[in-house]
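K.L.:
Residue numbers (the numbering used here): 1 to 339.
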Ligand code: FDP
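1. Considering only the beta carbon of each residue, do residue 276 and residue 317 sit closer than 9 Å?
2. How big is the Cα-Cα spacing for residue 260 and residue 202?
3. Would you say residue 83 and residue 96 are within 9 Å of each other, going by their C-beta atoms?
4. Return the CA-CA distance between residue 286 and residue 153, expressed in angstroms with no decimal places.
5. Quick one: grab the DSSP three-state call for residue 245.
6. The beta strand (DSSP E) with residue 124 in it runs from where to where?
7. What does a CB cutoff of less than 8 Å around residue 327 pick up in its chain, not counting 5 residues either side in sequence?
8. With DSSP as the reference, please indicate the residues paired to residue 366 in a beta bridge.
9. Have a look at residue 329 and residue 229 and give me their C-alpha separation to the nearest angstrom.
10. Out of 114, 78, 158 and 91, which has the shortest C-alpha to C-alpha gap to residue 148?
11. Considering only residues of the same chain and omitting the five flanking positions on each side of residue 291, which have a CB-CB separation below 8 Å?
12. What ranges does the beta strand (DSSP E) occupy inside the segment 164-231, keeping only unbroken runs of at least 3 residues that lie completely in it?
13. What separation, rounded to the nearest whole angstrom, lies between the Cα atoms of residue 60 and residue 54?
14. Do residue 119 and residue 139 have their C-beta atoms within less than 9 Å of each other?
15. Whose CA, out of 216, 231, 308 and 310, lies closest to the CA of residue 270?
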């Protein structure tokens with residue numbers, strides 16, 4: 001890369017400009033999705049700033065204690081949830097919201113209601129906050145069906161009905177990865193401009209990867225196909241090199257690496273938790289949407305993940321996602337088992 005030329009760049013593709021460009025592909029679009037995405041971007045910037053200050057707040061003795069106004073410091077996941085709910089509701093474009101942090105769906109009051117439903121995990125991987133490991137926000141967007149009045153049924157739709165999905169990773173840099181259904185693009189926050197700039201255009205996941213990513217501590221409880229897949233990754237029978245294991249334990253970071261480097265990320269069902277751990281609406285669906293849009297595959301052990309129809313807003317599902325050839329391998333193992 002020519003760094004001097006890069007530093008001189010004056011024609012930046014910001015996320016807002018990118019979304020407006022996408023919108024112009026649909027002459028009938030009224031700009032509602034653009035406004036909604038803008039508010040999500042604002043939420044991501046706010047949370048990014050709070051996450052980066054979290055260590056400092058602790059250092060100076062604020063976290064979990066009272067601040068100068070005498071108010072109790074909110075935990076980061078609670079704070080992030082409030083930030084996103086406010087950003088989504090104030091966009092005036094949302095109707096039903098589902099957050100990982102709220103047991104029930106949130107129905108937006110009539111004066112602020114719009115046509116979109118948003119499912120989100122405001123701060124995924126929160127067990128990693130205190131040690132500074134990358135964490136993130138995950139979101140998926142649906143449009144209300146024609147004539148729908150905004151009930152919980154409007155979000156209990158298959159992932160194939162999702163219009164857009166994305167995540168923002170709060171790591172060594174703040175990266176927002178977005179798909180509105182025409183490929184996947186990655187944007188990095190330029191703190192000096194306060195803008196997300198297109199840095200990873202048209203992300204395509206490698207067809208086959210060299211990495212597998214799973215919590216091997218659960219191996220004792222795995223089913224046959226998962227056990228065989230991992231055995232084969234370590235001791236390949238075809239003479240190829242073994243795969244490397246990478247597991248951060250923070251879904252956004254593990255999926256981000258999988259999108260960029262290829263390989264497979266799995267959170268399988270097992271004897272202890274047949275449905276796995278990850279939530280269908282705001283973890284499995286948005287990540288599967290992005291992986292498919294980048295040319296990969298996503299599988300539950302039984303079916304294409306995006307074709308699941310959740311019965312409840314916090315349903316869980318096993319998930320295997322990543323490079324097409326790697327997911328094909330686990331699909332073949334499940335098929336062989338049920339034959
Ligand atoms: P966390 O419990 O830290 O919030 O679903 C949440 C999640 O993290 C994912 O981000 C992550 O992939 C997974 O759980 C990690 O689970 P294990 O600790 O069981 O591996």
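Heads up, the beta-carbon is just placed ideally off N, CA and C, and yes, glycines get one too. It should be emphasised that the depicted structure is a prediction, and the values quoted were computed from it without experimental measurement.
P.N.:
To lay it out plainly:
1. yes
2. Going by the C-alpha atoms only, they are around 11 Å apart.
3. no
4. Rounded to the nearest angstrom, the two C-alpha atoms are 18 Å apart.
5. strand
6. 113-124
7. Only 264, 296, 297, 298, 299, 320 and 321 meet the Cβ criterion.
8. Nothing can be reported for residue 366, as the shown portion of the chain is limited to 1 through 339.
9. Each residue's alpha carbon lies about 8 Å from the other.
10. The shortest C-alpha separation from residue 148 is found at 114.
11. Cβ neighbours of residue 291 beyond the five flanking positions: 205, 255, 258, 259, 297, 298, 321 and 322.
12. Complete beta strand (DSSP E) runs here, min 3: 164-170, 174-179, 185-190, 195-200 and 211-213.
13. The predicted position of residue 60 is uncertain, since its pLDDT is 45 and thus under 50; a value taken from the coordinates is nonetheless stated next. Distance between the alpha carbons of residue 60 and residue 54 is about 10 Å.
14. yes
15. 216
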